[in-house]
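According to the working numbering, the sequence shown is numbered sequentially starting from -3. Here a beta-carbon is modelled for each residue, glycine too, at the ideal position from N, C-alpha and C. All figures in this text were calculated on a predicted structure; none of them were measured in a lab.
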Amino acid sequence: MNFRYFKPAGQMVSLLGFGTMRLPVIDKTPSKIDEPAAIEMIRHAIDSGVNYIDTAYMYHGGNSESVTGKALKDGYRDKVLLADKMPVWLAKAPEDLCSIFDEQLKRLDTDHIDLYLIHNVTKGIWDRALKFGIFDFLEEKKAEGRIKHIGFSFHDDLDMFKKAIDAYPWDFCQIQLNYMDVRLQAGVEGLKYAGAKGIPVVIMEPLKGGKLTDAVPDSVRDLWASAKIKKTPAEWALRWVANFPEVVTILSGMTTIEQVRENIRILSDATPDSLSPDDLALISKASEEYNRLIKASCTACQYCMPCPAKLAIPDLLNYYNEWFLYGQNPKVLADFNMFIHPKARPSACTGCRACELKCPQHLPIADIMKEMAAIFEK
-3 MNFRYFKPAG QMVSLLGFGT MRLPVIDKTP SKIDEPAAIE MIRHAIDSGV NYIDTAYMYH
57 GGNSESVTGK ALKDGYRDKV LLADKMPVWL AKAPEDLCSI FDEQLKRLDT DHIDLYLIHN
117 VTKGIWDRAL KFGIFDFLEE KKAEGRIKHI GFSFHDDLDM FKKAIDAYPW DFCQIQLNYM
177 DVRLQAGVEG LKYAGAKGIP VVIMEPLKGG KLTDAVPDSV RDLWASAKIK KTPAEWALRW
237 VANFPEVVTI LSGMTTIEQV RENIRILSDA TPDSLSPDDL ALISKASEEY NRLIKASCTA
297 CQYCMPCPAK LAIPDLLNYY NEWFLYGQNP KVLADFNMFI HPKARPSACT GCRACELKCP
357 QHLPIADIMK EMAAIFEK
(Lines of atoms letter the chains of each structure in order from A and count residues from 1; the text may use other names and numbers.)
(Lines give C-alpha, C1' and ligand atoms only; values in the text may rest on other atoms or scores of the structure.)
Protein backbone atom coordinates (compact mmCIF):
# COMPACT_ATOMS: atom_id res chain seq x y z
CA MET A 1 0.00 0.00 0.00
CA ASN A 2 1.17 3.52 -0.81
CA PHE A 3 1.13 6.03 2.06
CA ARG A 4 1.20 9.80 2.43
CA TYR A 5 2.06 11.85 5.48
CA PHE A 6 -0.91 13.18 7.46
CA LYS A 7 0.67 15.93 9.55
CA PRO A 8 -2.17 16.52 12.08
CA ALA A 9 -1.97 12.88 13.21
CA GLY A 10 1.81 12.71 12.81
CA GLN A 11 1.58 9.48 10.86
CA MET A 12 1.44 7.98 7.40
CA VAL A 13 -2.02 7.38 5.97
CA SER A 14 -2.88 4.93 3.20
CA LEU A 15 -3.53 6.58 -0.14
CA LEU A 16 -6.62 4.38 -0.45
CA GLY A 17 -9.30 5.05 2.14
CA PHE A 18 -12.29 2.73 2.62
CA GLY A 19 -15.61 4.56 2.27
CA THR A 20 -18.59 2.68 3.75
CA MET A 21 -21.41 4.32 1.78
CA ARG A 22 -21.68 1.55 -0.83
CA LEU A 23 -21.25 -1.68 1.09
CA PRO A 24 -22.78 -4.89 -0.34
CA VAL A 25 -26.48 -5.23 0.44
CA ILE A 26 -29.15 -7.92 0.48
CA ASP A 27 -32.11 -7.87 -1.94
CA LYS A 28 -30.93 -4.54 -3.39
CA THR A 29 -32.13 -2.85 -0.19
CA PRO A 30 -29.64 -0.12 0.86
CA SER A 31 -30.42 -0.48 4.58
CA LYS A 32 -29.87 -4.27 4.57
CA ILE A 33 -26.09 -4.58 4.56
CA ASP A 34 -24.61 -7.99 3.83
CA GLU A 35 -22.65 -7.91 7.08
CA PRO A 36 -20.34 -10.93 6.58
CA ALA A 37 -19.32 -9.71 3.12
CA ALA A 38 -18.88 -6.12 4.29
CA ILE A 39 -16.78 -7.11 7.29
CA GLU A 40 -14.63 -9.39 5.13
CA MET A 41 -14.00 -6.50 2.69
CA ILE A 42 -13.10 -3.98 5.37
CA ARG A 43 -10.77 -6.36 7.18
CA HIS A 44 -9.13 -7.48 3.93
CA ALA A 45 -8.43 -3.84 3.13
CA ILE A 46 -6.93 -3.24 6.59
CA ASP A 47 -4.85 -6.43 6.36
CA SER A 48 -3.54 -5.06 3.04
CA GLY A 49 -2.45 -1.77 4.60
CA VAL A 50 -5.51 0.48 4.37
CA ASN A 51 -5.67 2.49 7.59
CA TYR A 52 -8.33 5.12 6.85
CA ILE A 53 -11.97 4.05 7.31
CA ASP A 54 -14.78 6.52 6.62
CA THR A 55 -18.44 6.28 7.62
CA ALA A 56 -21.40 8.56 8.34
CA TYR A 57 -24.58 8.67 10.39
CA MET A 58 -26.98 8.33 7.45
CA TYR A 59 -25.15 5.82 5.24
CA HIS A 60 -27.14 2.67 4.51
CA GLY A 61 -30.17 3.95 6.41
CA GLY A 62 -28.11 4.44 9.55
CA ASN A 63 -26.57 0.96 9.55
CA SER A 64 -23.14 1.71 8.13
CA GLU A 65 -21.73 2.90 11.46
CA SER A 66 -22.83 -0.27 13.27
CA VAL A 67 -21.35 -2.59 10.65
CA THR A 68 -18.15 -0.55 10.57
CA GLY A 69 -17.93 -0.92 14.34
CA LYS A 70 -18.32 -4.69 14.04
CA ALA A 71 -15.62 -4.84 11.36
CA LEU A 72 -13.22 -3.02 13.69
CA LYS A 73 -13.54 -5.60 16.47
CA ASP A 74 -10.80 -8.12 17.25
CA GLY A 75 -8.02 -5.53 17.30
CA TYR A 76 -8.78 -3.85 13.97
CA ARG A 77 -9.84 -0.58 15.64
CA ASP A 78 -6.29 0.09 16.78
CA LYS A 79 -4.97 -0.31 13.22
CA VAL A 80 -6.95 2.53 11.62
CA LEU A 81 -7.93 6.16 11.68
CA LEU A 82 -11.73 6.18 11.92
CA ALA A 83 -13.60 9.06 10.28
CA ASP A 84 -17.23 9.97 10.95
CA LYS A 85 -19.41 13.03 10.40
CA MET A 86 -21.92 15.26 12.15
CA PRO A 87 -25.20 15.59 10.16
CA VAL A 88 -26.04 19.11 11.33
CA TRP A 89 -29.23 19.18 9.25
CA LEU A 90 -30.76 16.52 11.50
CA ALA A 91 -30.29 18.63 14.63
CA LYS A 92 -33.32 20.64 15.72
CA ALA A 93 -31.47 22.39 18.56
CA PRO A 94 -27.84 22.74 19.74
CA GLU A 95 -28.24 19.98 22.32
CA ASP A 96 -29.08 17.54 19.52
CA LEU A 97 -25.43 17.64 18.42
CA CYS A 98 -24.45 15.85 21.63
CA SER A 99 -27.18 13.23 21.37
CA ILE A 100 -26.30 12.45 17.74
CA PHE A 101 -22.60 12.21 18.61
CA ASP A 102 -23.28 9.91 21.55
CA GLU A 103 -25.39 7.69 19.31
CA GLN A 104 -22.54 7.51 16.81
CA LEU A 105 -20.07 6.38 19.46
CA LYS A 106 -22.57 3.74 20.58
CA ARG A 107 -23.13 2.47 17.04
CA LEU A 108 -19.39 2.33 16.39
CA ASP A 109 -18.78 0.80 19.84
CA THR A 110 -15.75 3.02 20.39
CA ASP A 111 -14.76 5.68 22.89
CA HIS A 112 -13.40 8.13 20.33
CA ILE A 113 -13.48 9.11 16.66
CA ASP A 114 -10.10 9.98 15.16
CA LEU A 115 -11.33 12.23 12.36
CA TYR A 116 -14.63 14.06 12.81
CA LEU A 117 -16.19 16.19 10.09
CA ILE A 118 -19.06 18.61 9.74
CA HIS A 119 -20.97 16.64 7.11
CA ASN A 120 -21.99 18.00 3.71
CA VAL A 121 -21.16 21.67 4.18
CA THR A 122 -23.37 23.87 2.01
CA LYS A 123 -24.41 27.47 2.61
CA GLY A 124 -27.53 26.41 4.50
CA ILE A 125 -25.83 23.72 6.58
CA TRP A 126 -22.92 26.06 7.34
CA ASP A 127 -25.27 28.73 8.66
CA ARG A 128 -27.10 26.17 10.76
CA ALA A 129 -23.84 24.80 12.13
CA LEU A 130 -22.69 28.27 13.18
CA LYS A 131 -26.10 29.01 14.73
CA PHE A 132 -25.82 25.84 16.84
CA GLY A 133 -22.27 26.66 18.01
CA ILE A 134 -20.59 23.86 16.10
CA PHE A 135 -17.03 24.95 16.88
CA ASP A 136 -17.66 25.08 20.64
CA PHE A 137 -19.16 21.60 20.39
CA LEU A 138 -16.21 20.22 18.41
CA GLU A 139 -13.63 21.83 20.69
CA GLU A 140 -15.41 20.42 23.73
CA LYS A 141 -15.37 16.88 22.35
CA LYS A 142 -11.73 17.28 21.34
CA ALA A 143 -10.82 18.43 24.86
CA GLU A 144 -12.59 15.35 26.21
CA GLY A 145 -10.48 13.13 23.94
CA ARG A 146 -13.52 11.85 22.08
CA ILE A 147 -12.48 13.62 18.86
CA LYS A 148 -8.85 13.73 17.73
CA HIS A 149 -8.95 15.84 14.56
CA ILE A 150 -11.56 18.23 13.14
CA GLY A 151 -12.55 18.69 9.50
CA PHE A 152 -15.48 19.15 7.15
CA SER A 153 -16.85 17.54 4.00
CA PHE A 154 -18.04 19.84 1.26
CA HIS A 155 -20.71 20.06 -1.46
CA ASP A 156 -21.19 23.69 -2.53
CA ASP A 157 -19.44 26.24 -4.74
CA LEU A 158 -15.85 27.46 -4.67
CA ASP A 159 -16.62 30.74 -2.89
CA MET A 160 -18.37 28.87 -0.07
CA PHE A 161 -15.43 26.47 0.15
CA LYS A 162 -12.95 29.30 0.58
CA LYS A 163 -15.20 30.88 3.20
CA ALA A 164 -15.29 27.64 5.16
CA ILE A 165 -11.54 27.03 4.82
CA ASP A 166 -10.76 30.51 6.15
CA ALA A 167 -13.19 30.27 9.09
CA TYR A 168 -11.31 27.80 11.30
CA PRO A 169 -7.86 26.17 11.74
CA TRP A 170 -8.96 22.85 10.24
CA ASP A 171 -6.93 19.68 10.59
CA PHE A 172 -8.19 18.46 7.21
CA CYS A 173 -11.07 18.75 4.76
CA GLN A 174 -12.88 16.43 2.34
CA ILE A 175 -14.00 17.36 -1.17
CA GLN A 176 -15.47 15.67 -4.22
CA LEU A 177 -12.98 15.49 -7.07
CA ASN A 178 -12.54 13.49 -10.24
CA TYR A 179 -11.57 14.31 -13.82
CA MET A 180 -15.21 15.15 -14.59
CA ASP A 181 -15.50 17.55 -11.64
CA VAL A 182 -12.45 19.72 -12.25
CA ARG A 183 -14.49 22.90 -11.79
CA LEU A 184 -17.46 21.50 -9.87
CA GLN A 185 -17.89 22.45 -6.21
CA ALA A 186 -14.44 23.07 -4.70
CA GLY A 187 -12.75 21.58 -7.75
CA VAL A 188 -9.03 21.67 -8.46
CA GLU A 189 -8.84 25.34 -7.47
CA GLY A 190 -10.28 24.52 -4.06
CA LEU A 191 -7.84 21.63 -3.68
CA LYS A 192 -4.94 23.98 -4.39
CA TYR A 193 -6.40 26.64 -2.07
CA ALA A 194 -6.53 24.22 0.87
CA GLY A 195 -3.11 22.81 0.02
CA ALA A 196 -1.54 26.29 -0.02
CA LYS A 197 -2.79 26.76 3.54
CA GLY A 198 -1.30 23.46 4.65
CA ILE A 199 -4.66 21.73 5.07
CA PRO A 200 -4.58 18.05 4.00
CA VAL A 201 -7.35 17.11 1.57
CA VAL A 202 -9.29 13.85 1.55
CA ILE A 203 -10.97 13.05 -1.78
CA MET A 204 -14.40 11.48 -2.17
CA GLU A 205 -16.16 10.31 -5.34
CA PRO A 206 -12.97 9.77 -7.38
CA LEU A 207 -15.01 7.47 -9.66
CA LYS A 208 -18.27 9.47 -9.38
CA GLY A 209 -19.82 6.63 -7.43
CA GLY A 210 -18.68 4.07 -9.99
CA LYS A 211 -20.15 5.96 -12.93
CA LEU A 212 -16.72 6.44 -14.52
CA THR A 213 -16.17 2.67 -14.49
CA ASP A 214 -19.64 1.21 -15.12
CA ALA A 215 -21.23 1.33 -18.58
CA VAL A 216 -18.40 3.39 -20.10
CA PRO A 217 -19.59 4.95 -23.40
CA ASP A 218 -18.02 3.38 -26.48
CA SER A 219 -16.39 6.65 -27.52
CA VAL A 220 -14.67 6.97 -24.14
CA ARG A 221 -13.67 3.31 -24.18
CA ASP A 222 -12.04 3.91 -27.58
CA LEU A 223 -10.02 6.76 -26.10
CA TRP A 224 -8.71 4.55 -23.31
CA ALA A 225 -7.86 1.85 -25.87
CA SER A 226 -5.71 4.35 -27.79
CA ALA A 227 -3.24 4.72 -24.92
CA LYS A 228 0.22 3.23 -25.36
CA ILE A 229 0.09 1.72 -21.88
CA LYS A 230 -3.32 0.19 -21.21
CA LYS A 231 -5.16 0.98 -17.99
CA THR A 232 -8.65 0.23 -16.74
CA PRO A 233 -11.16 3.11 -16.47
CA ALA A 234 -10.77 2.90 -12.68
CA GLU A 235 -7.01 3.17 -12.97
CA TRP A 236 -7.18 6.28 -15.16
CA ALA A 237 -9.58 7.93 -12.73
CA LEU A 238 -7.77 7.04 -9.50
CA ARG A 239 -4.33 7.88 -10.83
CA TRP A 240 -5.59 11.28 -12.00
CA VAL A 241 -6.62 12.12 -8.42
CA ALA A 242 -3.46 10.61 -6.93
CA ASN A 243 -1.38 12.83 -9.21
CA PHE A 244 -2.11 15.84 -6.95
CA PRO A 245 0.40 16.20 -4.08
CA GLU A 246 -2.24 17.99 -1.96
CA VAL A 247 -4.26 14.77 -1.71
CA VAL A 248 -3.60 12.76 1.45
CA THR A 249 -6.04 9.90 0.87
CA ILE A 250 -8.67 8.87 -1.70
CA LEU A 251 -11.93 7.40 -0.45
CA SER A 252 -13.57 4.69 -2.51
CA GLY A 253 -16.99 3.30 -1.70
CA MET A 254 -16.35 -0.31 -2.61
CA THR A 255 -19.07 -2.94 -3.01
CA THR A 256 -17.12 -6.13 -3.75
CA ILE A 257 -13.86 -7.59 -2.53
CA GLU A 258 -12.67 -7.60 -6.14
CA GLN A 259 -13.02 -3.80 -6.16
CA VAL A 260 -10.99 -3.64 -2.94
CA ARG A 261 -8.19 -5.68 -4.49
CA GLU A 262 -8.26 -3.67 -7.72
CA ASN A 263 -8.09 -0.32 -5.94
CA ILE A 264 -5.26 -1.50 -3.71
CA ARG A 265 -3.35 -2.58 -6.83
CA ILE A 266 -3.93 0.72 -8.58
CA LEU A 267 -2.92 2.94 -5.68
CA SER A 268 -0.03 0.80 -4.46
CA ASP A 269 2.45 2.81 -6.55
CA ALA A 270 0.57 6.00 -7.51
CA THR A 271 2.77 9.00 -6.74
CA PRO A 272 2.28 12.77 -7.13
CA ASP A 273 3.07 14.27 -10.53
CA SER A 274 3.63 10.82 -12.04
CA LEU A 275 1.25 11.13 -15.01
CA SER A 276 2.87 12.09 -18.28
CA PRO A 277 1.68 15.00 -20.46
CA ASP A 278 0.25 12.41 -22.85
CA ASP A 279 -1.65 10.74 -19.98
CA LEU A 280 -3.12 14.05 -18.83
CA ALA A 281 -4.08 14.99 -22.40
CA LEU A 282 -5.88 11.67 -22.87
CA ILE A 283 -7.79 12.04 -19.60
CA SER A 284 -8.75 15.57 -20.65
CA LYS A 285 -10.11 14.19 -23.93
CA ALA A 286 -12.16 11.61 -22.05
CA SER A 287 -13.60 14.36 -19.87
CA GLU A 288 -14.46 16.42 -22.95
CA GLU A 289 -16.16 13.42 -24.54
CA TYR A 290 -18.25 12.76 -21.45
CA ASN A 291 -19.25 16.42 -21.46
CA ARG A 292 -20.16 16.21 -25.15
CA LEU A 293 -22.59 13.42 -24.33
CA ILE A 294 -24.44 15.46 -21.72
CA LYS A 295 -28.10 15.80 -22.72
CA ALA A 296 -29.05 19.05 -20.94
CA SER A 297 -26.23 21.56 -20.91
CA CYS A 298 -26.90 22.96 -17.45
CA THR A 299 -23.95 24.93 -16.08
CA ALA A 300 -25.37 25.14 -12.54
CA CYS A 301 -25.33 28.93 -12.84
CA GLN A 302 -28.36 29.11 -10.48
CA TYR A 303 -30.17 31.69 -12.65
CA CYS A 304 -33.24 29.45 -12.49
CA MET A 305 -33.37 29.70 -8.71
CA PRO A 306 -35.28 30.06 -6.51
CA CYS A 307 -37.93 27.71 -7.83
CA PRO A 308 -41.53 28.56 -6.76
CA ALA A 309 -42.02 24.84 -6.04
CA LYS A 310 -38.76 24.79 -4.04
CA LEU A 311 -37.04 22.33 -6.39
CA ALA A 312 -33.24 22.32 -6.55
CA ILE A 313 -33.31 22.51 -10.33
CA PRO A 314 -29.55 22.32 -11.04
CA ASP A 315 -29.22 19.27 -8.78
CA LEU A 316 -32.11 17.54 -10.51
CA LEU A 317 -30.68 18.33 -13.95
CA ASN A 318 -27.42 16.79 -12.83
CA TYR A 319 -29.18 13.48 -12.12
CA TYR A 320 -30.96 13.76 -15.48
CA ASN A 321 -27.66 14.17 -17.31
CA GLU A 322 -25.99 11.37 -15.39
CA TRP A 323 -28.84 9.00 -16.22
CA PHE A 324 -28.10 9.29 -19.94
CA LEU A 325 -24.37 9.91 -19.64
CA TYR A 326 -23.69 6.71 -17.73
CA GLY A 327 -25.97 4.37 -19.66
CA GLN A 328 -28.96 4.52 -17.26
CA ASN A 329 -26.76 3.22 -14.46
CA PRO A 330 -28.88 2.12 -11.44
CA LYS A 331 -26.39 3.91 -9.18
CA VAL A 332 -27.73 7.22 -10.50
CA LEU A 333 -31.23 6.21 -9.39
CA ALA A 334 -29.88 5.04 -6.04
CA ASP A 335 -28.14 8.38 -5.45
CA PHE A 336 -31.32 10.24 -6.46
CA ASN A 337 -33.39 8.29 -3.94
CA MET A 338 -30.81 8.83 -1.20
CA PHE A 339 -30.24 12.55 -1.59
CA ILE A 340 -33.43 14.07 -3.07
CA HIS A 341 -36.24 14.58 -0.56
CA PRO A 342 -39.59 13.07 -1.65
CA LYS A 343 -41.22 16.52 -1.56
CA ALA A 344 -38.51 18.03 -3.77
CA ARG A 345 -38.67 15.61 -6.67
CA PRO A 346 -39.53 16.42 -10.31
CA SER A 347 -43.22 15.51 -9.96
CA ALA A 348 -43.58 18.55 -7.69
CA CYS A 349 -42.90 20.83 -10.68
CA THR A 350 -46.00 22.92 -11.44
CA GLY A 351 -44.97 23.71 -14.99
CA CYS A 352 -44.95 27.46 -14.36
CA ARG A 353 -41.80 27.79 -16.52
CA ALA A 354 -40.52 30.75 -14.49
CA CYS A 355 -37.12 29.04 -14.54
CA GLU A 356 -37.07 28.84 -18.32
CA LEU A 357 -37.41 32.60 -18.63
CA LYS A 358 -34.16 32.99 -16.69
CA CYS A 359 -32.14 30.06 -18.05
CA PRO A 360 -29.14 31.28 -20.14
CA GLN A 361 -29.02 27.88 -21.84
CA HIS A 362 -32.73 28.08 -22.80
CA LEU A 363 -33.39 24.61 -21.45
CA PRO A 364 -36.98 23.26 -21.51
CA ILE A 365 -36.81 22.63 -17.77
CA ALA A 366 -40.51 21.97 -17.18
CA ASP A 367 -40.53 19.30 -19.91
CA ILE A 368 -37.36 17.76 -18.48
CA MET A 369 -39.01 17.59 -15.05
CA LYS A 370 -41.91 15.63 -16.56
CA GLU A 371 -39.48 13.26 -18.25
CA MET A 372 -37.53 12.90 -15.03
CA ALA A 373 -40.66 12.08 -13.05
CA ALA A 374 -41.39 9.25 -15.46
CA ILE A 375 -37.83 7.91 -15.16
CA PHE A 376 -36.97 8.43 -11.50
CA GLU A 377 -40.34 8.22 -9.79
CA LYS A 378 -42.08 5.38 -11.58
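- Here Trp166 is buried. Its C-beta has 16 or more other C-beta atoms within 10 Å.
- Between His145 and Ala344 a beta carbon distance of about 40 Å is seen, past the 8 Å cut, so the two are scored as non-contacting.
- Looking at the DSSP output, Arg0 bridges to Val9.
- The shortest C-alpha to C-alpha distance from Ala67 to any of Glu99, Asp30 and Leu86 is the one to Asp30.
- In this model, Leu77 and Trp220 are separated by some 35 Å (Cα to Cα).
- Under the DSSP assignment, Gln100 falls in the alpha helix (DSSP H) whose first and last residues are Glu91 to Leu104.
- When Gly205, Gly120, Pro90 and Ala305 are compared, the shortest CA-CA separation from Cys348 is found for Ala305.
- Within the DSSP bridge table, the entry for Leu234 names no partner.
- In the DSSP assignment, Ala79 forms a beta bridge with Asp50 and Leu111.
- DSSP places Gly147 in no alpha helix (DSSP H) but in the uninterrupted beta strand (DSSP E) bounded by Ile143 to Phe150.
- Taking the C-beta atoms as reference points, Ile262 is found no nearer than 7 Å to Met37.
- Every unbroken stretch of the alpha helix (DSSP H) spanning 4 or more residues and falling wholly within the stretch 149 to 202 is given here in chain order: 154 to 161 and 183 to 192.
- In the structure shown, the three-state DSSP call for Ser270 is coil.
- For the 7 Å CB-CB criterion, Ala282 and Leu313 do not form a contact.
- Note on Lys137: 16 or more other CB atoms within 10 angstroms of its CB, so buried under the neighbour-count rule.
- Minimum Cα-Cα distance from Thr64 among the listed residues Val46, Val84, Arg39 and Gln324 corresponds to Arg39.
- Apart from sequence neighbours up to five positions away, the residues of its chain that approach Glu201 with a beta-carbon distance below 7 Å are Gln172 and Asn174, ordered along the chain.
- Put simply, of Tyr1, Gly57, Met8 and Phe(-1) the residue whose alpha carbon is nearest the alpha carbon of Lys24 is Gly57.
- Membership of Pro26 in the beta strand (DSSP E) is indicated by the continuous run Thr25 to Ile29.
- For Ile253, the enclosing alpha helix (DSSP H) stretches over residues Ile253 to Leu263.
- Cα atoms of Lys102 and Ala190: separation of roughly 33 Å, rounded to the nearest angstrom.
- Excluding five sequence positions before and after Gly45, the CB atoms of its chain that fall closer than 7 Å to its own CB belong to Met(-3) and Ser10, given in chain order.
- Taken through DSSP and simplified to helix, strand or coil, Thr245 comes out as strand.
- Residue pairing by DSSP places Ile22 opposite Thr25 in a beta bridge.
- In this structure, Ser215 lies near Glu285, with their beta-carbon atoms less than 7 Å apart.
- Sorting Pro83, Lys339, Asp70 and Phe148 by C-alpha distance to the C-alpha of Met54 places Pro83 at the top.
- The Cβ neighbour count for Asn325, taken over all protein chains shown within 10 Å, is at least 16; the residue is labelled buried.
- Met17 is classed as buried because its beta carbon has at least 16 other beta carbons within 10 Å across all chains shown.
- Nearest to Asp311 by alpha-carbon distance, out of Gln181, Glu242 and Val198, is Gln181.
- Under DSSP, Val117 takes part in a beta bridge, and its partners are Phe150.
- Straight across, the Cα-Cα distance linking Thr245 with Leu208 is about 19 Å.
- Under the three-state reduction of DSSP output, Phe332 falls in the helix class.
- According to the DSSP assignment, Ser62 belongs to the alpha helix (DSSP H) that extends over Ser60 to Ala67.
- Residues of the same chain with a CB within less than 8 Å of the CB of Ile35, apart from the 5 flanking positions on each side, are Val63, Lys66 and Ala67 in chain order.
- Its Cα nearest to that of Arg288, the residue Glu318 stands out among Leu329, Glu318, Asn239 and Ser272.
- With fewer than 16 other CB atoms across the displayed protein chains lying within 10 angstroms of its CB, Lys119 is exposed.
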